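Asker: Provided herewith is a single structure, encoded as structure tokens, for subsequent inquiry.
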Amino acid sequence: MASANSWLIHGASALLTGLPGVAARHAGPDIRIVDGRIQAMGLLPPRPGERQLDARGCVIYPAWINTHHHLFQSLLKGVPEGLGHNLGGWLAAVPQRYRGAFDAASFRLAVRIGLTELMRSGCATVADHHYLYYPDMPFDGAAILFEEAEQLGLRLVLCRGGATQVRPFDARVPPALQLESLDAYLADVQRLVGRYHQPAADAWRRVVMAPTSPPYSVSADGLRETARAARSLGIRLHSHLSETVDYLDELRERHGCSPVEFCAAHEWLGRDVWFAHLVKLLPEEIQLLGSTGTGIAHCPQSNARLGSGIADVVAMEAAGMGISLGVDGAASNEACDMLSETHAAWLMQRAKGGEAARPRYAGGKAEGGAQVCAVEDVVRWGTSGGAAVLGLNDLGSLEVGKAADIALYRLDDPRYFGLHDVALGPVLCAGRPTLRALLVGGRLVLENDRIPGLDLAELGAQAREAVISLQRKVGARR
Ligand code: ZN
4 MASANSWLIH
14 GASALLTGLP
24 GVAARHAGPD
34 IRIVDGRIQA
44 MGLLPPRPGE
54 RQLDARGCVI
64 YPAWINTHHH
74 LFQSLLKGVP
84 EGLGHNLGGW
94 LAAVPQRYRG
104 AFDAASFRLA
114 VRIGLTELMR
124 SGCATVADHH
134 YLYYPDMPFD
144 GAAILFEEAE
154 QLGLRLVLCR
164 GGATQVRPFD
174 ARVPPALQLE
184 SLDAYLADVQ
194 RLVGRYHQPA
204 ADAWRRVVMA
214 PTSPPYSVSA
224 DGLRETARAA
234 RSLGIRLHSH
244 LSETVDYLDE
254 LRERHGCSPV
264 EFCAAHEWLG
274 RDVWFAHLVK
284 LLPEEIQLLG
294 STGTGIAHCP
304 QSNARLGSGI
314 ADVVAMEAAG
324 MGISLGVDGA
334 ASNEACDMLS
344 ETHAAWLMQR
354 AKGGEAARPR
364 YAGGKAEGGA
374 QVCAVEDVVR
384 WGTSGGAAVL
394 GLNDLGSLEV
404 GKAADIALYR
414 LDDPRYFGLH
424 DVALGPVLCA
434 GRPTLRALLV
444 GGRLVLENDR
454 IPGLDLAELG
464 AQAREAVISL
474 QRKVGARR
């Protein structure tokens, strides 16, 4: 099917490549794709019979790579009981309250909504931290996730979450909050790896060992066991860590160390590990994460929404960590798309830099934080940074030989009129430009904002019904 997979994208106004330094820009204006990969970039005359994609007036980026999500939460946006809470209260008021209300149909709908929103922001690869597991649950979420991603033509990394910490059995705990045994958890990860995991650098399906949150969801010994099992299976490790100050208190009280020291002691650092959040780190923890090449899924909007703080990703990158971006679940980030996320990351890192500014008489050296990160940096974090963190090294940049995962934005809204440097528009101006096209592995999966075969009005109607049904199930509505 080489001909169906061969394209000439021509006439782009500007390109960002996802690469660092001067390589962040490419003059284009054309990209040739053959058999799902970028074959050439530059001024390229069309070949006879070649399919063409008109990119005039468009800005081209590599497709985004979202490294932390909880897709089931796409039906839990703006739950009123959770709006005024920090992480701990919100967890109880929203995800834990609603998790048992999902069935196969509502879970599938939530996944479809979340993936559709991401796609329409130009995202092609999604790492879903799926922790909706309990003993004898009535549906296989992993199968649904992979089916929905395949249907839409996206790449999916299943981070198999779950809570396994050994506690005395308590019959008063609702079934959906019961814990799995560590053995059952590890056996399921092994099953999923055998069934879905592709080691290739341009994989469509990956599986990751991802107990929901050390130290809360897994025992200390169990944590080490998960690391060893993952490495023997050849898969990566992912979890939440240090989202709020509570992690520092919890680890000091229970283990007399910092959260990152705890992970180090249980073999949970390294280039095959990435953590979501890392908002509250001690300086020595950043050094330890950096020296081991551990990665982060930076989730600025969720961290702001829950009032947790702003992760110091600029310091993390300087220390040697891999930086990527994640939108986190829609229950704590009602703008679960990669353009909103990159825009927020860009603003908030600069604001954080400005927060550190001091007057010169008090030792201050800079007026503000505008120098700490550029739009090109956040684009790099959201593309090639994500590819590196996930170990999908053939994705994430516009370079000859890389997989053709490419987003074309048409800046046809007044929001983008008047720009002096259109390459920056999709991130700089916020909002969502028209998505001219999204290609994943050279396949055209979206054109002019439309996903073939997907009726958005119907999806919206299904969502409204599903929200009512979920509210009834938890007693929030009669
Ligand atoms: Zn999360």
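Quick note on our numbering: the sequence shown kicks off at 4 and runs consecutively.
Idealized CB from N, CA, C, for every residue including glycine.
Model, not experiment: these values are computed from the prediction.
1. Within the present structure, is the beta-carbon of residue 279 separated from the nearest heavy atom of the ligand ATP by less than 7 Å?
2. Given that a residue counts as buried once 16 or more other Cβ atoms are within 10 Å of its Cβ, and exposed if not, what is residue 298?
3. Suppose you measure from the CA of residue 51 to the CA of residue 124; what does that come to, to the nearest Å?
4. Just the C-alpha distance for residue 379 and residue 405, rounded to the nearest angstrom, thanks.
5. Evaluate residue 388 with the Cβ neighbour count: other Cβ atoms within 10 Å of its Cβ, from every protein chain shown; 16 or more gives buried, anything less gives exposed.
6. How is residue 65 classed by DSSP in three states: helix, strand or coil?
7. Reducing DSSP to helix, strand and coil, say where residue 289 ends up.
8. Given this structure, state the Cα-to-Cα distance separating residue 128 from residue 135, to the nearest angstrom.
9. Is the distance from the Cβ of residue 223 to the Cβ of residue 270 below 8 Å?
10. When we look at the beta-carbon of residue 478 and count the other beta-carbons within 10 Å, is it buried (16 or more) or exposed?
11. Please give the ranges of any alpha helix (DSSP H) in the stretch 185 to 240, keeping only runs that are unbroken, at least 4 residues long and fully inside the region.
12. Buried or exposed: where does residue 10 fall if 16 or more other Cβ atoms within 10 Å of its Cβ makes it buried?
13. Quick one, are the C-beta atoms of residue 206 and residue 162 less than 8 Å apart?
14. Tell me the start and end of each unbroken alpha helix (DSSP H) in the stretch 320 to 366 that is at least 4 residues and wholly inside, in chain order.
15. Return yes when at least one heavy atom of the ligand ZN lies under 7 Å from the C-beta of residue 259, else no.
16. Taking 7 Å as the line, does the beta carbon of residue 332 fall inside it for any heavy atom of the ligand ZN?
17. Measuring CA to CA, which of 40, 15, 22 is closest to residue 403?
18. Report the residue ranges of all alpha helix (DSSP H) runs contained in full by the stretch 295 to 323; include only those spanning at least 4 residues, in chain order.
19. Residue 378 by DSSP, collapsed to three states: which one?
20. Over the uninterrupted alpha helix (DSSP H) stretch that includes residue 258, give me the two end residues.
21. Mind checking whether the beta-carbon of residue 243 lies closer than 7 Å to any heavy atom of the ligand ZN?
22. Keeping to the same chain, check which residues put their C-beta closer than 7 Å to that of residue 335; ignore five residues upstream and five downstream.
23. Does DSSP put residue 44 in a helix, in a strand, or in coil?
24. I'd like the list of long-range same chain contacts for residue 429, defined as Cβ closer than 7 Å, with 5 residues on each side in sequence excluded.
25. Tell me whether residue 88 counts as near the ligand ZN, meaning its Cβ is closer than 7 Å to at least one heavy atom of that ligand.
26. Between residue 393 and residue 122, what straight-line distance do the alpha-carbon atoms span, to the nearest angstrom?
27. State the Cα-Cα distance for the pair residue 80 and residue 337, rounded to the nearest angstrom.
28. Quick one: what does DSSP say residue 101 is sitting in, helix, strand or coil?
29. In the DSSP assignment, what are the bridge partners of residue 126?
30. By how many angstroms is the C-alpha of residue 47 removed from the C-alpha of residue 383?
31. Residue 292 to residue 66, Cα distance in whole Å?
32. Label residue 2 either buried or exposed according to how many other C-beta atoms from any shown protein chain fall within 10 Å of its C-beta, with 16 as the threshold for buried.
33. Examine the ligand ZN and report whether any of its heavy atoms sits within less than 7 Å of the Cβ of residue 269.
Answerer: In brief:
1. With respect to the ligand ATP, the structure shown offers nothing to examine, as its ligands consist of the ligand ZN.
2. The residue given as residue 298 occupies position 295 in the sequence shown. Residue 298 should be labelled buried.
3. As a working mapping, residue 51 is identified with position 48 in the sequence shown. As a working mapping, residue 124 is identified with position 121 in the sequence shown. Their backbone Cα atoms lie some 32 Å apart in a straight line.
4. Position 376 of the sequence shown, counting from 1, holds the residue named residue 379. Position 402 of the sequence shown, counting from 1, holds the residue named residue 405. A straight line joining the alpha-carbon of residue 379 with that of residue 405 spans about 19 Å.
5. Numbered from 1 along the sequence shown, position 385 holds the residue referred to as residue 388. By the neighbour-count rule (16 or more Cβ atoms within 10 Å), residue 388 is buried.
6. Counting from one through the sequence shown, the residue named residue 65 turns up at place 62. If DSSP states are grouped into helix, strand and coil, residue 65 belongs with the strands.
7. Position 286 of the sequence shown, counted from the start, is the residue given in the question as residue 289. In the structure shown, residue 289 sits in a helix (DSSP, three-state: H, G or I).
8. Residue numbering aside, residue 128 sits at position 125 when the sequence shown is read from its first letter. Residue numbering aside, residue 135 sits at position 132 when the sequence shown is read from its first letter. A direct Cα-to-Cα measurement between residue 128 and residue 135 gives close to 21 Å.
9. By one-based count along the sequence shown, residue 223 stands at place 220. By one-based count along the sequence shown, residue 270 stands at place 267. Cβ distance not < 8 Å, so residue 223 and residue 270 don't count as in contact.
10. As a first step, residue 478 must be located in the sequence shown, where it is residue number 475. Residue burial annotation: residue 478 is exposed, with fewer than 16 other C-beta atoms found within 10 angstroms of its C-beta.
11. Segments of the alpha helix (DSSP H) lying fully in the stretch 185 to 240: 185 to 199, 223 to 236.
12. Translated into positions along the sequence shown, residue 10 becomes position 7. Counting C-beta atoms within 10 angstroms of its own C-beta, residue 10 has 16 or more neighbours from the protein chains shown and is therefore classed as buried.
13. As a working note, residue 206 is residue 203 in the sequence shown. As a working note, residue 162 is residue 159 in the sequence shown. It is not a contact, given that the beta carbons lie outside the stated cut-off.
14. List check, alpha helix (DSSP H) in window: 341 to 358.
15. As a first step, residue 259 must be located in the sequence shown, where it is residue number 256. Not under cutoff, so the answer is no.
16. Counted from its first residue, the sequence shown places residue 332 at position 329. Yes, since a heavy atom of the ligand ZN falls inside the 7 Å radius drawn around the Cβ of residue 332.
17. Taking the sequence shown and counting its residues from 1, one reaches residue 403 at position 400. Ranked by Cα distance from residue 403, the first of 40, 15, 22 is 40.
18. Fully enclosed alpha helix (DSSP H) runs of 4 or longer: 303 to 308, 316 to 322.
19. As a working mapping, residue 378 is identified with position 375 in the sequence shown. Of the three classes helix, strand and coil, the one that applies to residue 378 here is helix, per DSSP.
20. For the purposes of this step, residue 258 is taken as residue 255 along the sequence shown, with counting starting at 1. Boundaries of the alpha helix (DSSP H) around residue 258: 249 to 258.
21. As a position in the sequence shown, residue 243 is number 240, starting the count at 1. Result yes, Cβ under 7 Å from the ligand ZN.
22. Counting from 1 along the sequence shown, the entry for residue 335 is found at position 332. Apart from sequence neighbours up to five positions away, the residues of its chain that approach residue 335 with a beta-carbon distance below 7 Å are 93, 305, 308, 309, ordered along the chain.
23. For the purposes of this step, residue 44 is identified with residue 41 of the sequence shown, where counting begins at 1. The three-state reading of DSSP puts residue 44 in strand, counting E and B together.
24. Locating residue 429 in the sequence shown gives position 426, where the first residue counts as 1. For residue 429, same chain residues with a beta-carbon under 7 Å away, outside a window of 5 residues either side, are 62, 64, 342, 412, 436 in chain order.
25. Here residue 88 is taken as the residue at index 85 of the sequence shown, counted from 1. With a cutoff of 7 Å, residue 88 does not count as near the ligand ZN, since its C-beta is closer than that to no heavy atom of the ligand.
26. Here residue 393 corresponds to residue number 390 of the sequence shown, with the count starting at 1. Here residue 122 corresponds to residue number 119 of the sequence shown, with the count starting at 1. Here the alpha carbon of residue 393 sits roughly 19 Å from the alpha carbon of residue 122.
27. In the sequence shown, counting from the first residue as 1, residue 80 sits at position 77. In the sequence shown, counting from the first residue as 1, residue 337 sits at position 334. Whole-angstrom Cα-Cα distance: 6 Å.
28. On the sequence shown, residue 101 is found 98 positions in, with the first residue counted as 1. Looking at residue 101 - three-state DSSP - the assignment turns out to be helix.
29. Taking the first residue of the sequence shown as position 1, residue 126 is located at position 123. Looking at the DSSP assignment, residue 126 forms a beta bridge with 67.
30. As a first step, residue 383 is located in the sequence shown; it is residue number 380 there, counting from the start. As a first step, residue 47 is located in the sequence shown; it is residue number 44 there, counting from the start. Per the coordinates, the alpha-carbon of residue 383 lies some 25 Å from the alpha-carbon of residue 47.
31. Indexing the sequence shown from 1 puts residue 292 at position 289. Indexing the sequence shown from 1 puts residue 66 at position 63. Looking at the two C-alpha atoms, the distance is approximately 27 Å.
32. Outside the displayed range of the chain (4 to 481) lies residue 2, so it cannot be described from this structure.
33. Residue mapping note: residue 269 aligns to position 266 of the sequence shown, counting from 1. Distances from the CB of residue 269 to the heavy atoms of the ligand ZN are all 7 Å or more.
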